[in-house]
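Engineer:
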Amino acid sequence: MLETTWFILITVLFVGFFFLEGFDFGVGMLTPILGKTDTERRVMINTIGPFWDGNEVWLITAGGAMFAAFPNWYATLFSGFYMALFLMLLALIGRGVAFEFRSKLTNPKWRSTWDWVIFFGSLLPALLWGVALANLMRGVPVDANMNYVGTFWDLISLYSVTAGISIVLLFLLHGALFLSLKTEGVLRERARAVALKIGAWTSAVLLLFVVLSYFETDMFTSKGLSPGTVPVLAGLALLSVHFFIKAGRDGWAFIMTGATIVLSTITVFMLLFPNVMISSLNPEWSLTIYNAASNAYTLKVMTVVACTTIPFVLAYQAWTYWVFRKRVSSTDHLDY
Amino acid sequence: MEALELARWQFGITTVYHFLFVPLSIGLAYLIAFMQTMYVIKKDDKYKRMTKFWGKIFLLNFAVGVVTGIIQEFQFGMNWADYSRFVGAVFGGPLAVEALVSFFLESTFLGIWIFGWDRLSKKVHLACIWLVAIAATLSALWILSANSFMQEPVGYEIVNGRAEMTNFFALLGNKQLWVEFPHVIYGALATGSLFVTGISAYKMLRKQQVDLFKASFSIGIVVALVSSLLTAFAGHDQAQHLMKSQPMKMAASEALWHTSGESAPWTVIASIDPAKQENGFQLEVPYALSILSYNKLTGKVPGMLELQAEYEAKYGPGNYIPPVRTTFWSFRIMVAAGMGMILLSLFGTIAVVRHKAETYRRYLRWMLPAMALPFIANSAGWIMTEVGRQPWIVFGLQKTEDGVSPLVSAGMVATSLIGFTLVYGILASVFIYLVVHTVRKGADADVDADESHGQNHTPNAGVTPTASL
C-alpha cells in the first residue's frame, strides 16, 4: 500500500515536472528561432523568467523522492543511465546559468552564445527524457544484483529516439502555446503559426511512437495496470489542439497540450506498474515497487511530509502564475 | 586510476566547488533581506539601491549554486550506487524533504522576488526575500542532517544488510547536527558579510558611490565580527563533540599518534611522517588540547595507534587511520583563516564605530584579499570533516570503498569528472568576470524610475546601457 502510494507520488512529481518544465523547455528551444531581435528574445525569456527555476525543482524533488522511497530504483537508474544523465546535467547547468548570465553584458555575440546554450540546454534534457522513458518501458539489461550491465549505446535505438523526438515536439508545441498566452503582437502571431505547424508533426511522431511501442514492448500484453481510456484521451487532447488554435482559443489549446503531457505520463507509469525497471535479461530480475522500496517506517514518514507540503507548493506556485499573469510586452522593464 | 579514486575526486571537487557558492548565497540572502527591510522601514532610497546592487551579485552566485546542487544530489546514484542502496532508506529522507520543503520555497519565491519589484506591495515583496533566506537555511539544515548521519549514524537499524530509518526525529535531533549546523550557518553569514565588506572597501578606496558603500561596509563588518566569533565558538563545540563521536578524526587532526598524558598539549605545527607513524619536529602549547577537548587543564586525548587497535578489535582488520597530513593541515588552515577573519572584522568594527573606516586606507586594501578567507576556511573545514572520517563513508557502518557503483567504469567516471571540472572552471571564470563587471558598474542610479508611475521605458530599455546601468 505504502509502496503504491509512493509510486503514485513519484508519478505526480514527474507529471508536474513534464507539464511545467515542458513549456519552459519549449520556450527555451524557441527563443533563438522565434526571437528576431534581442528585445524579442528577452521578452520570450521573461515569460518563463519567474517560473523556470521553480519548475525544475519538480525534477530535483522527483530525484530526491526516488532516493528516499525507492533507493534501489534511484541507484540502478542513475548508475545505469550514467552517460545520459551526465549529458543531461551538463545541459541543465548551462541552461540554468545562461538565464542569469545572458543579460549581464550587451555584446550581441555574448547574448547569442547564451541563447544557444539555452536552446541546447532545453533540447537535450527533453530528448534524453524521451530516450530514458522508452527504455524504462522496453526494459534494459539489469542483472540479478540490480545493476545495469549495458552501455550508453544500448539505450539508443529507433524506438527510444522516436520517443525523444516526440517529447521534444510536444514540449515545443506546449512552449509555443505558452508564448501565445504570454506575449502580444507579432511575437504572439509567430508563436501561434509555429504551434500550428508543430502540432501536426507532434501528432504524427507520437502516433509512430505508439505503433513502435506495440512491437518493442510487451506493455500491451502484460498484466500490469491497464491504462484503459487514458492514452486515448491523451491522443484526442493532442488532436484537438489544432482546432483550438484555429478557433483562436489559445488558452484551451495550451490546456490540451498540458492534458496530453499529463495523460501520457500517467499512461507510461500505469503501464510500468508495479515494475520500476524492467530487466530485459530475466523478468525475475526486474526492479519492482516492492524490492526497490525503503522500509515501511521511512515511507510512512515521507508520506506525511509529502502530503502536507505538496498542497502548499501547488498553492504558492499557482500564486506565482497569478502574480505574473499579464502578458510580457516589449515596453515592460525587461532586464533583471 | 580506478573508478573508486576517480569517484572520490569527483565528489570532493563537486562538493568543495558547490560549497564555495552555497555559504555566500545564504549569507548574502540575510544581508540583502536586512538591507531591504531598512528600505521598507526607513523609506530611504539608498537602501533600495543597495539591495538591488547586492541582489545582482547574489543572483549570479545563486545560479551557479543551484546548478551545481543538482549534480550534488544526482551523483550519489551515479557514482555511489551501493552507498545509495545501503543508506537510501535513511539518507534519502532528508534529501527528499529538503527538496519538498526548501528548494520549492527558495526557487519559487526567488523568482517572485527578482521579477516582482513593481508587481507586489513593498511588504509582500520584502517577505519574499526573507522566505528565500529562511528556505536556504532550512535547506542547509536538511542536508546537514543527512551529512550528520554519515558522521554519526542515529535513528536506524541494520536490516538485511542495509540501514533502515527507525526514528526520523532522532535524525533531526542528532547531536552532531546541532554542533555542525550552527557552525555552517555562522560561517555562511561570515562569508556573505566579508564579501560585502571586501567589495565595499574596494569601492570606498576608489571613491565611488562612497555613501552607499560606506553604509554597506558598516552593516557587513558588524555582521562579520559577530558571525566569525560565533563560528569559532560553534567550532569549539564541534571539536568537543568530536572527542566523543569520532576520536580518530580528532587524533588525526592533531597528528596525535599516541594517547596523551593527563594534560594534552596542542600541536601548533608538526612534520608528519605517516609511513613511520610519528612526527619529526613539532611545536606544542601545553594544556591547550585538553582545554580544546574538555574545557579543563587535564584530560587524556586518545591517540591514533591506540584507536587503530581498538577499531581493529571492533570492526575487523584494516586501516582506520585517515590521511593524517590532510586532516591536520586542513584543520590548521581553517583555524588560521578564521582567526584572520575575527581580527580583521574586529579592527573594522572599531574603525566604523569611530567613524574612521574610510581613512584607514591600508586596512581597506587588506579587506579585498580578505574576501578569500571565509572561502578558504569553508573548504578546509569540509576537507577536514570528510577526509578525517575516512576510511568510512558512514562512520562505523560502511567503508567508502564499498559504496562506489560496482559497474560504472573508470572511463565513465573519468569522462564525467573531466567534463564537470571543465564546466566548473568555465563557470567560475565567467562568474568572476561578471562579478567584477557588476562591481565596476556600481549600484544603479535610476532604480527609482519604476517608482514614478508616469515614466515609461523605451521599447529597447533592456538593451541600452543606461537602462541597465
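Sequences listed follow chains A and B, in order. Each residue of the first sequence is one higher than the last, beginning at 1 in UniProt numbering. Each residue of the second sequence is one higher than the last, beginning at 1 in UniProt numbering. Each residue gets a CB set at the ideal place from its N, CA and C atoms; glycine is no exception.
Let me confirm a value: ARG354 (chain B) is counted as buried when at least 16 other C-beta atoms fall within 10 Å, else exposed. Which label applies?
Structural biologist: By the neighbour-count rule (16 or more Cβ atoms within 10 Å), ARG354 (chain B) is not buried but exposed.
Engineer: Using the Cα positions of GLU56 (chain A) and LEU144 (chain B), report the straight-line distance between them to the nearest angstrom.
Structural biologist: So the alpha carbons of these two residues sit roughly 23 Å apart.
Engineer: Please confirm whether LEU212 (chain A) and ALA69 (chain A) have their CB atoms less than 8 Å apart.
Structural biologist: No, the Cβ-Cβ distance between LEU212 (chain A) and ALA69 (chain A) is not below 8 Å.
Engineer: Got a sec: is the Cβ-Cβ distance from THR108 (chain B) to anything in chain A below 8 Å?
Structural biologist: Yes, because at least one Cβ of chain A sits closer than 8 Å to the Cβ of THR108 (chain B).
Engineer: Tell me the DSSP secondary structure of ASP273 (chain B) in three-state form.
Structural biologist: Correct three-state label for ASP273 (chain B): strand.
Engineer: Relative to the alpha-carbon of ALA296 (chain A), which residue among B:MET165, B:GLY425 and B:GLU401 has its alpha-carbon at the smallest distance?
Structural biologist: If we check each option's Cα against that of ALA296 (chain A), B:MET165 comes out closest.
Engineer: Short of 6 Å in beta carbon distance, which residues of its chain neighbour LEU427 (chain B), apart from the five on each side in sequence? Order them along the chain.
Structural biologist: Excluding residues within five positions, the ones whose Cβ falls inside 6 Å are VAL64.
Engineer: What are the residues that DSSP puts in a beta bridge with MET277 (chain A)?
Structural biologist: Answer is A:LEU287.
Engineer: In angstroms with no decimal places, state the Cα-to-Cα distance between THR137 (chain B) and ALA99 (chain B).
Structural biologist: Rounded to whole angstroms, THR137 (chain B) to ALA99 (chain B) spans 13 Å at the Cα level.
Engineer: Short check: CB of THR217 (chain A) to CB of LEU170 (chain A), under 8 Å?
Structural biologist: It is not a contact, given that the beta carbons lie outside the stated cut-off.
Engineer: Count the other C-beta atoms from every protein chain shown that fall within 10 angstroms of the C-beta of LYS244 (chain B), then say buried if there are 16 or more, exposed otherwise.
Structural biologist: When all chains shown are included, LYS244 (chain B) counts as exposed.
Engineer: Can you check whether the C-beta of ALA200 (chain A) is within less than 8 Å of a C-beta belonging to chain B?
Structural biologist: ALA200 (chain A) does not count as touching chain B.
Engineer: For chain A, check one thing: does any of its Cβ atoms lie closer than 8 Å to the Cβ of PHE115 (chain B)?
Structural biologist: Judged by the 8 Å Cβ criterion, PHE115 (chain B) is in contact with chain A.
Engineer: By alpha-carbon positions, which one of A:THR320, A:VAL268 and A:TRP116 ends up nearest to VAL12 (chain A)?
Structural biologist: It is A:VAL268.
Engineer: Can you find a C-beta in chain A that's less than 8 Å from the C-beta of MET78 (chain B)?
Structural biologist: So, interface residue.
Engineer: Hey, SER216 (chain B) and SER200 (chain B) are a contact pair by Cβ (cut 8 Å); roughly how many whole angstroms apart?
Structural biologist: Rounded, the Cβ-Cβ distance is 4 Å, consistent with contact.
Engineer: Short of 7 Å Cβ to Cβ, which residues in the segment 397-409 of chain B face chain A?
Structural biologist: If the cut-off is 7 Å between Cβ atoms, the segment 397-409 of chain B has SER405, PRO406, LEU407 and VAL408 near chain A.
Engineer: In terms of alpha-carbon separation, which member of A:PHE178, A:LEU271, A:LEU208 and A:TRP252 lies closest to ARG325 (chain A)?
Structural biologist: Measuring from the Cα of ARG325 (chain A), the nearest candidate turns out to be A:PHE178.
Engineer: Could you tell me which uninterrupted alpha helix (DSSP H) segments, each at least 4 residues in length, are contained entirely in the segment 8-65 of chain B, listed from first to last along the chain?
Structural biologist: Fully enclosed alpha helix (DSSP H) runs of 4 or longer: not present.
Engineer: Leaving out five residues before and five after PHE120 (chain A) in sequence, what residues of the same chain have Cβ atoms less than 6 Å from its Cβ?
Structural biologist: Hits under 6 Å: none found.
Engineer: Where does GLY280 (chain B) fall in DSSP's three states?
Structural biologist: In the structure shown, GLY280 (chain B) sits in a strand (DSSP, three-state: E or B).
Engineer: Taking any Cβ of chain A, which residues in the segment 419-434 of chain B have a Cβ under 7 Å from it, in chain order?
Structural biologist: Taking 7 Å as the Cβ-Cβ cut-off against chain A, the residues of the segment 419-434 of chain B that qualify are GLY419, VAL423, LEU427, VAL430 and LEU434.
Engineer: LEU92 (chain A) and ILE432 (chain B): beta carbons closer than 8 Å?
Structural biologist: Contact: no.
Engineer: TRP392 (chain B) lies in the beta strand (DSSP E); which residues open and close that run?
Structural biologist: 392-394 is the span of the beta strand (DSSP E), which, as asked, contains TRP392 (chain B).
Engineer: Assuming GLY403 (chain B) and ILE393 (chain B) are in contact, meaning their beta carbons sit under 8 Å apart, how far apart are those beta carbons, in whole angstroms?
Structural biologist: Indeed, because the Cβ distance is near 4 Å, the residues count as touching under 8 Å.
Engineer: Taking just the CA atoms, how far does ALA237 (chain A) sit from LEU256 (chain A)?
Structural biologist: For the sequence presented, residue 256 (chain A) should be read as Met rather than Leu. Near 5 Å, if we compare the C-alpha coordinates of ALA237 (chain A) and MET256 (chain A).
Engineer: Which same chain residues, not among the five before or five after ARG111 (chain A), have their C-beta less than 7 Å away from its C-beta?
Structural biologist: Excluding positions up to five away in sequence, the list reads ASP38 and ARG102.
Engineer: Could you work out which residues of chain A lie near VAL97 (chain B), taking near to mean beta carbons separated by less than 7 Å?
Structural biologist: Result: VAL305.
Engineer: On a Cα-Cα basis, can you pick out the residue from B:VAL97, B:GLN176 and B:PHE62 that is closest to ALA133 (chain B)?
Structural biologist: Looking at the Cα atoms, B:PHE62 is the closest of the given residues.
Engineer: For LEU368 (chain B), which of B:PRO153, B:ARG206, B:LEU105 and B:THR15 has the nearest alpha-carbon?
Structural biologist: Considering only alpha carbons, the answer is B:ARG206.
Engineer: Between the segment 94-108 of chain A and the segment 109-122 of chain B, can you find at least three pairs of beta-carbon atoms closer than 8 Å?
Structural biologist: No, they do not touch.
Engineer: I want to know whether the segment 27-44 of chain A touches the segment 243-260 of chain A - three or more CB-CB distances under 8 Å.
Structural biologist: Segments in contact, no.
Engineer: Using 8 Å as the limit for Cβ to Cβ distance, is ILE167 (chain A) near chain B?
Structural biologist: Closer than 8 Å: no.
Engineer: Between GLY299 (chain B) and GLY64 (chain A), which are expected to be in contact by the criterion C-beta below 8 Å, what is the C-beta distance as a whole number of angstroms?
Structural biologist: With 8 Å as the limit, GLY299 (chain B) and GLY64 (chain A) do not qualify as a contact, their Cβ atoms being about 42 Å apart.
Engineer: Are the segment 273-286 of chain A and the segment 141-151 of chain A touching by the rule of at least three beta carbon pairs closer than 8 Å?
Structural biologist: A contact exists between the segment 273-286 of chain A and the segment 141-151 of chain A.
Engineer: Under 9 Å Cβ-Cβ, which residues of chain A neighbour ARG85 (chain B)?
Structural biologist: Going along chain A in sequence order, the residues near ARG85 (chain B) (Cβ under 9 Å) are PRO71, ASN72, TYR74, ALA75, THR76 and MET146.
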